[in-house]
Amino acid sequence: MAPRIYTKTGDDGTTGLFYGGRVRKDSAPIEINGVVDEAQAALGMARAETEPGSEVNLRLTALARDLYVLMTEVATAPSNRHKLVPGSTLVTEEMVLSLEEGIDDLLQRFDMPSDFIIPGENRVAAALDLTRTIVRRAERLAVTDPVEGSLVLSFLNRLSDLLWAMARWQEGPVHRLSRESED
């Protein structure tokens, strides 16, 4: 018999937390994780447009794995945070610093745009910009449910910056229209 993916335990409007406990499906942590799940799917759309094994593909894969860590932390009751494993089920300072290093690396590869960006220069950049906006929504939600000592908010903030830099990097040299040329 094939394994089932449905348990029916959520039919009452609740969902299970990592290390136990149940919360309503509209609770803040579950809302945050729902938006992060969207971001991870959007990352997958960007990754699907890249060459397997390429630098951007590998970066996106690593980011998707980091989002699993973040979602596990968010889906853990505060009383069980002591059970989380740094870098595996708990966002670490090193993970945040790695995002900063990625941003710094990419910003050396292109000239900063001087005008507003109109997304859609190519499919990868457009998917990265979409992912960035979803991550920003997750960040706004995370602000409403802060957990003392958690680096989730810092990680989401840096991730959105990294996604912006990655989108610009993937655009390559582009002709940007200034406001004067649009008139």
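One point on numbering: in the working numbering, the residue at position 151 of the sequence shown is 202, and numbering is uninterrupted. Even for Gly, the Cβ is constructed at its ideal location relative to N, Cα and C.
In angstroms with no decimal places, state the Cα-to-Cα distance between residue i and residue j.
{"i": "D156", "j": "Y57", "result": "43 Å"}
{"i": "T112", "j": "D162", "result": "26 Å"}
{"i": "L68", "j": "S165", "result": "45 Å"}
{"i": "S237", "j": "R73", "result": "Not covered by the structure: residue 237. The range shown for the chain is 52 to 234."}
{"i": "Q221", "j": "M122", "result": "27 Å"}
{"i": "P224", "j": "V107", "result": "17 Å"}
{"i": "R219", "j": "R55", "result": "42 Å"}
{"i": "D19", "j": "L118", "result": "Since the first residue of the chain shown is 52 and the last is 234, residue 19 is not available in this structure."}
{"i": "E199", "j": "S139", "result": "19 Å"}
{"i": "V136", "j": "A177", "result": "34 Å"}
{"i": "R75", "j": "T127", "result": "13 Å"}
{"i": "T65", "j": "N131", "result": "18 Å"}
{"i": "G85", "j": "E124", "result": "13 Å"}
{"i": "L192", "j": "P129", "result": "17 Å"}
{"i": "P197", "j": "L141", "result": "15 Å"}
{"i": "Q91", "j": "F167", "result": "25 Å"}
{"i": "R227", "j": "L214", "result": "Interpretation of R227 is limited by its pLDDT of 49, a score under 50 that renders its predicted location unreliable; the figure taken from the coordinates is listed afterwards. Between R227 and L214, the C-alpha separation is close to 19 Å."}
{"i": "L210", "j": "G104", "result": "21 Å"}
Is residue i close to the ligand SAH? I mean its beta-carbon at under 8 Å from any heavy atom of the ligand.
{"i": "S130", "result": "In the structure on display, the ligand SAH does not appear, and there are no ligands present to speak of."}
Return the residue from the list the options that minimises the CA-CA distance to residue i.
{"i": "L148", "options": "R187, D212, P103 and V87", "result": "D212"}
{"i": "V120", "options": "E222, W220, E145 and A53", "result": "E145"}
{"i": "V203", "options": "T143, A115 and R174", "result": "T143"}
{"i": "G153", "options": "V198, L109 and R75", "result": "L109"}
{"i": "A115", "options": "L141, L158 and A93", "result": "A93"}
{"i": "L150", "options": "E172, T140 and N208", "result": "N208"}
{"i": "N173", "options": "L141, S105, E124 and M96", "result": "M96"}
{"i": "T175", "options": "L158, G71 and A216", "result": "Reading the sequence as shown, one finds Val at residue 175 and not Thr. Selected option, being the one with the closest Cα: A216."}
{"i": "K134", "options": "S105, G171 and Y70", "result": "Y70"}
Around the C-beta of residue i, are 16 or more other C-beta atoms found within 10 angstroms, so that it is buried, or is it exposed?
{"i": "I169", "result": "exposed"}
{"i": "S201", "result": "buried"}
{"i": "P80", "result": "buried"}
{"i": "A53", "result": "exposed"}
{"i": "E82", "result": "buried"}
{"i": "T195", "result": "exposed"}
{"i": "D77", "result": "exposed"}
{"i": "Q159", "result": "exposed"}
Using DSSP's beta-bridge definition, name the partner residues of residue i.
{"i": "T66", "result": "V74"}
{"i": "P103", "result": "Beta-bridge pairing links P103 to no other residue."}
{"i": "T127", "result": "F69"}
{"i": "P137", "result": "L141"}
Determine whether the Cβ of residue i lies closer than 9 Å to any Cβ atom of chain B.
{"i": "R187", "result": "The question asks about chain B, but that chain is absent: this structure has only one protein chain."}
Hey, is the stretch 58–72 in contact with the stretch 171–189, meaning 3+ C-beta pairs nearer than 8 Å? Segments in contact, no.
Touching or not, the stretch 188–195 and the stretch 96–114, by the rule of three or more beta carbon pairs under 8 Å? No, the stretch 188–195 is not in contact with the stretch 96–114.
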